[in-house]
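A short write-up of the structure that comes next.
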Amino acid sequence: MVLAALMNALRVVEKRAAEVKVVVVGAGAAGVACTEIMLAHGVRDIIVCDLEGALYAGRPGLDPVRMALAARTNLTGERGMADDVLAGADVLVGVSGPGAVSETAVRRMAARPVVFAMANPEPEVRVEAVGHDVAIMATGRSDYPNQINNVLAFPGVFRGALDVRARTINEQMKLAAASAIAGVISDQELHAEYIIPSVFNREVVKAVALAVARAAEASDVARRPAATAVEG
(Lines of atoms letter the chains of each structure in order from A and count residues from 1; the text may use other names and numbers.)
(Lines give C-alpha, C1' and ligand atoms only; values in the text may rest on other atoms or scores of the structure.)
Protein backbone atom coordinates (compact mmCIF):
# COMPACT_ATOMS: atom_id res chain seq x y z
CA MET A 1 0.00 0.00 0.00
CA VAL A 2 2.76 2.42 0.88
CA LEU A 3 4.50 1.78 -2.44
CA ALA A 4 1.28 2.37 -4.41
CA ALA A 5 0.75 5.67 -2.60
CA LEU A 6 4.40 6.61 -3.10
CA MET A 7 4.29 5.88 -6.83
CA ASN A 8 1.35 8.21 -7.32
CA ALA A 9 2.64 10.84 -4.90
CA LEU A 10 5.89 11.08 -6.84
CA ARG A 11 3.90 11.52 -10.04
CA VAL A 12 2.14 14.50 -8.46
CA VAL A 13 5.31 16.17 -7.16
CA GLU A 14 7.26 15.21 -10.30
CA LYS A 15 10.10 13.38 -8.60
CA ARG A 16 11.75 10.04 -9.43
CA ALA A 17 11.96 7.08 -7.06
CA ALA A 18 15.67 6.63 -7.72
CA GLU A 19 16.40 10.24 -6.79
CA VAL A 20 14.40 10.86 -3.61
CA LYS A 21 15.53 10.64 0.00
CA VAL A 22 13.08 8.66 2.11
CA VAL A 23 13.04 8.51 5.91
CA VAL A 24 11.13 5.62 7.45
CA VAL A 25 10.19 6.26 11.07
CA GLY A 26 9.57 2.91 12.72
CA ALA A 27 11.72 -0.20 12.40
CA GLY A 28 9.16 -2.82 13.34
CA ALA A 29 7.55 -5.31 10.96
CA ALA A 30 5.74 -2.56 9.03
CA GLY A 31 8.83 -0.38 8.72
CA VAL A 32 10.97 -3.28 7.54
CA ALA A 33 8.36 -4.41 4.99
CA CYS A 34 7.85 -0.87 3.64
CA THR A 35 11.60 -0.41 3.28
CA GLU A 36 12.08 -3.74 1.51
CA ILE A 37 9.44 -3.06 -1.13
CA MET A 38 10.66 0.50 -1.72
CA LEU A 39 14.18 -0.84 -2.24
CA ALA A 40 12.80 -3.42 -4.66
CA HIS A 41 11.04 -0.62 -6.55
CA GLY A 42 14.30 1.25 -7.01
CA VAL A 43 14.36 3.78 -4.16
CA ARG A 44 18.06 4.06 -3.31
CA ASP A 45 18.30 6.61 -0.52
CA ILE A 46 16.38 5.31 2.50
CA ILE A 47 17.11 5.90 6.18
CA VAL A 48 15.22 3.81 8.73
CA CYS A 49 14.83 5.10 12.29
CA ASP A 50 13.84 3.34 15.50
CA LEU A 51 13.46 4.78 19.00
CA GLU A 52 17.24 5.20 19.27
CA GLY A 53 17.63 6.99 15.95
CA ALA A 54 18.86 6.15 12.48
CA LEU A 55 19.94 2.63 11.63
CA TYR A 56 23.44 2.53 10.15
CA ALA A 57 25.94 -0.20 9.36
CA GLY A 58 27.76 -1.22 12.52
CA ARG A 59 25.34 0.40 14.97
CA PRO A 60 25.63 -1.52 18.24
CA GLY A 61 22.72 -3.55 19.57
CA LEU A 62 20.87 -4.26 16.32
CA ASP A 63 19.24 -7.65 15.89
CA PRO A 64 19.99 -9.63 12.70
CA VAL A 65 16.99 -8.26 10.77
CA ARG A 66 17.79 -4.61 11.51
CA MET A 67 21.49 -5.25 11.05
CA ALA A 68 20.86 -6.58 7.54
CA LEU A 69 18.55 -3.65 6.79
CA ALA A 70 21.12 -1.15 8.06
CA ALA A 71 23.70 -2.64 5.70
CA ARG A 72 21.48 -1.86 2.67
CA THR A 73 20.14 1.55 3.71
CA ASN A 74 21.53 4.87 4.98
CA LEU A 75 24.38 4.58 2.51
CA THR A 76 25.99 7.83 3.68
CA GLY A 77 25.93 6.76 7.34
CA GLU A 78 23.78 9.58 8.70
CA ARG A 79 23.32 9.50 12.47
CA GLY A 80 20.87 11.12 14.82
CA MET A 81 17.20 10.94 15.62
CA ALA A 82 14.38 11.02 13.05
CA ASP A 83 14.10 14.79 13.34
CA ASP A 84 17.79 15.14 12.46
CA VAL A 85 17.84 12.96 9.35
CA LEU A 86 14.58 14.42 8.01
CA ALA A 87 16.47 17.54 6.92
CA GLY A 88 16.30 17.65 3.13
CA ALA A 89 14.25 14.45 2.86
CA ASP A 90 11.66 14.20 0.10
CA VAL A 91 9.47 11.58 1.75
CA LEU A 92 8.54 10.66 5.31
CA VAL A 93 7.01 7.22 5.90
CA GLY A 94 5.70 7.03 9.46
CA VAL A 95 4.88 3.60 10.87
CA SER A 96 5.54 4.24 14.54
CA GLY A 97 3.45 6.30 16.94
CA PRO A 98 2.10 9.78 17.71
CA GLY A 99 4.63 12.55 18.08
CA ALA A 100 7.46 10.54 16.52
CA VAL A 101 8.57 13.56 14.49
CA SER A 102 8.24 17.26 15.14
CA GLU A 103 6.45 19.84 13.06
CA THR A 104 9.71 21.78 12.79
CA ALA A 105 11.50 18.77 11.32
CA VAL A 106 8.80 18.30 8.68
CA ARG A 107 9.24 21.93 7.67
CA ARG A 108 12.96 21.27 7.10
CA MET A 109 12.24 18.63 4.47
CA ALA A 110 12.97 19.19 0.78
CA ALA A 111 10.74 21.25 -1.49
CA ARG A 112 7.33 19.69 -2.16
CA PRO A 113 7.66 17.03 0.53
CA VAL A 114 5.49 13.93 0.82
CA VAL A 115 4.41 12.85 4.31
CA PHE A 116 2.79 9.50 5.10
CA ALA A 117 1.97 9.66 8.82
CA MET A 118 0.20 6.35 9.32
CA ALA A 119 0.13 5.76 13.07
CA ASN A 120 -3.40 5.17 14.33
CA PRO A 121 -5.38 6.75 15.83
CA GLU A 122 -2.91 9.64 16.19
CA PRO A 123 -0.40 10.21 13.34
CA GLU A 124 3.33 10.78 13.85
CA VAL A 125 2.75 14.49 13.24
CA ARG A 126 -0.53 16.39 13.34
CA VAL A 127 -2.19 16.90 9.97
CA GLU A 128 -3.60 20.24 11.07
CA ALA A 129 -0.11 21.47 11.99
CA VAL A 130 1.81 20.58 8.81
CA GLY A 131 -0.83 19.98 6.17
CA HIS A 132 -0.22 23.37 4.57
CA ASP A 133 3.56 22.92 4.65
CA VAL A 134 3.72 19.72 2.58
CA ALA A 135 2.76 18.89 -0.98
CA ILE A 136 1.04 15.63 -0.08
CA MET A 137 -0.22 14.33 3.26
CA ALA A 138 -1.51 10.81 3.81
CA THR A 139 -2.52 8.97 6.98
CA GLY A 140 -4.03 5.68 8.06
CA ARG A 141 -7.31 7.38 8.97
CA SER A 142 -10.52 7.51 6.96
CA ASP A 143 -11.42 11.05 8.08
CA TYR A 144 -8.53 12.60 6.14
CA PRO A 145 -7.77 12.41 2.41
CA ASN A 146 -5.38 9.70 1.19
CA GLN A 147 -6.08 6.90 3.64
CA ILE A 148 -3.38 4.25 3.28
CA ASN A 149 -5.08 1.01 4.27
CA ASN A 150 -3.79 -2.53 3.76
CA VAL A 151 -7.31 -3.74 3.02
CA LEU A 152 -6.82 -2.40 -0.50
CA ALA A 153 -4.12 -5.00 -1.17
CA PHE A 154 -5.02 -8.16 0.70
CA PRO A 155 -8.15 -9.39 -1.14
CA GLY A 156 -6.63 -8.97 -4.59
CA VAL A 157 -3.23 -10.37 -3.65
CA PHE A 158 -4.74 -13.53 -2.22
CA ARG A 159 -7.29 -13.84 -5.03
CA GLY A 160 -4.57 -13.63 -7.65
CA ALA A 161 -2.29 -16.05 -5.81
CA LEU A 162 -5.06 -18.58 -5.27
CA ASP A 163 -6.31 -18.31 -8.85
CA VAL A 164 -2.97 -19.49 -10.22
CA ARG A 165 -2.24 -21.75 -7.24
CA ALA A 166 0.98 -19.87 -6.55
CA ARG A 167 3.58 -21.71 -4.50
CA THR A 168 4.53 -18.50 -2.69
CA ILE A 169 3.92 -14.76 -2.70
CA ASN A 170 7.16 -13.21 -3.92
CA GLU A 171 8.49 -9.70 -4.35
CA GLN A 172 7.46 -9.56 -8.01
CA MET A 173 3.85 -10.23 -7.03
CA LYS A 174 3.95 -7.53 -4.35
CA LEU A 175 5.40 -5.01 -6.78
CA ALA A 176 2.73 -5.92 -9.33
CA ALA A 177 0.02 -5.40 -6.72
CA ALA A 178 1.36 -1.95 -5.82
CA SER A 179 1.54 -0.92 -9.46
CA ALA A 180 -2.01 -2.15 -10.06
CA ILE A 181 -3.38 -0.21 -7.10
CA ALA A 182 -1.61 2.95 -8.21
CA GLY A 183 -2.85 2.45 -11.76
CA VAL A 184 -6.50 2.43 -10.74
CA ILE A 185 -6.22 6.21 -10.49
CA SER A 186 -5.98 7.76 -13.95
CA ASP A 187 -3.83 10.75 -14.84
CA GLN A 188 -6.97 12.85 -15.06
CA GLU A 189 -8.11 11.85 -11.55
CA LEU A 190 -4.76 12.07 -9.81
CA HIS A 191 -4.13 15.02 -7.49
CA ALA A 192 -2.58 15.78 -4.10
CA GLU A 193 -5.63 14.63 -2.16
CA TYR A 194 -6.30 11.56 -4.28
CA ILE A 195 -3.17 9.43 -4.63
CA ILE A 196 -4.66 6.16 -3.42
CA PRO A 197 -8.02 4.56 -4.31
CA SER A 198 -10.83 4.30 -1.81
CA VAL A 199 -11.27 1.00 0.01
CA PHE A 200 -14.74 0.94 -1.57
CA ASN A 201 -13.43 1.12 -5.14
CA ARG A 202 -14.58 -2.12 -6.77
CA GLU A 203 -11.93 -1.95 -9.49
CA VAL A 204 -9.05 -2.46 -7.07
CA VAL A 205 -9.51 -6.16 -6.26
CA LYS A 206 -9.90 -7.12 -9.93
CA ALA A 207 -6.87 -5.11 -11.01
CA VAL A 208 -4.68 -6.46 -8.23
CA ALA A 209 -5.76 -10.07 -8.69
CA LEU A 210 -4.98 -9.99 -12.41
CA ALA A 211 -1.61 -8.29 -11.90
CA VAL A 212 -0.60 -10.71 -9.15
CA ALA A 213 -1.64 -13.75 -11.18
CA ARG A 214 0.40 -12.58 -14.17
CA ALA A 215 3.41 -11.77 -11.99
CA ALA A 216 3.23 -15.21 -10.39
CA GLU A 217 3.25 -16.84 -13.81
CA ALA A 218 6.08 -14.63 -15.06
CA SER A 219 8.20 -15.47 -12.00
CA ASP A 220 7.55 -19.22 -12.30
CA VAL A 221 5.66 -19.71 -9.04
CA ALA A 222 2.23 -20.33 -10.61
CA ARG A 223 0.90 -23.87 -10.93
CA ARG A 224 -1.91 -22.74 -13.25
CA PRO A 225 -1.70 -20.32 -16.21
CA ALA A 226 -2.81 -16.79 -15.40
CA ALA A 227 -5.01 -16.59 -18.52
CA THR A 228 -6.91 -19.73 -17.47
CA ALA A 229 -7.33 -18.44 -13.94
CA VAL A 230 -8.62 -15.06 -15.10
CA GLU A 231 -11.04 -16.58 -17.56
CA GLY A 232 -12.25 -19.04 -14.98
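To convert a position in the sequence shown, counted from 1, into our numbering, add 59.
The C-beta atom is built at its ideal place from N, Cα and C for all residues, glycine as well.
Limits of the unbroken beta strand (DSSP E) element including residue i
| i | result |
| --- | --- |
| aspartate 104 | 104-109 |
| valine 81 | 80-84 |
N-terminal and C-terminal residue of the alpha helix (DSSP H) that residue i is part of
| i | result |
| --- | --- |
| leucine 69 | 61-72 |
| valine 174 | Per DSSP, valine 174 belongs to no alpha helix (DSSP H); it is in the beta strand (DSSP E), 173-176. |
| isoleucine 96 | 88-100 |
| leucine 249 | Neither: leucine 249 is in no alpha helix (DSSP H) and is coded neither H nor E. |
| arginine 273 | 262-277 |
Contacts around residue i, its chain only, beta-carbon distance under 6 Å, and the 5 residues preceding and following it disregarded
| i | result |
| --- | --- |
| arginine 171 | Val72 and Ala194 |
| glycine 215 | Val264, Val267 and Ala268 |
| proline 204 | Glu252 |
| lysine 80 | Asp104, Ala148 and Asp149 |
Cβ neighbours of residue i in the same chain (closer than 7 Å, five flanking residues each side left out)
| i | result |
| --- | --- |
| aspartate 192 | Val165 and Arg166 |
| glycine 139 | Gly112 and Ala113 |
| glycine 291 | Low local confidence applies: a pLDDT of 42 at glycine 291 is under 50, so the model's placement there is unreliable, and no value is given. |
9 Å Cβ cutoff met for residue i and residue j
| i | j | result |
| --- | --- | --- |
| phenylalanine 175 | leucine 65 | yes |
| leucine 234 | leucine 62 | yes |
| serine 57 | glycine 112 | Here the chain covers residues 60 to 291 and nothing more, so residue 57 does not appear. |
| alanine 169 | aspartate 149 | yes |
| isoleucine 255 | alanine 178 | no |
Neighbourhood of residue i by C-beta, 8 Å cutoff - its chain only, sequence neighbours within 5 removed
| i | result |
| --- | --- |
| leucine 121 | Leu114 and Ala129 |
At what residue ranges does the segment 186-237 contain a whole run of the alpha helix (DSSP H), taking only runs of 4 or more? Correct list: 186-189 and 213-222.
Is the number of C-beta pairs between the segment 209-228 and the segment 275-285 that are closer than 8 Å three or more? With a cut-off of 8 Å, the segment 275-285 and the segment 209-228 count as touching, because enough Cβ pairs lie within range.
Of all the beta strand (DSSP E) runs that stay within the bounds of the segment 107-162, which reach a length of 3 or more residues? Taking only runs of at least 3 residues, the beta strand (DSSP E) segments lying wholly in the segment 107-162 are 150-153.
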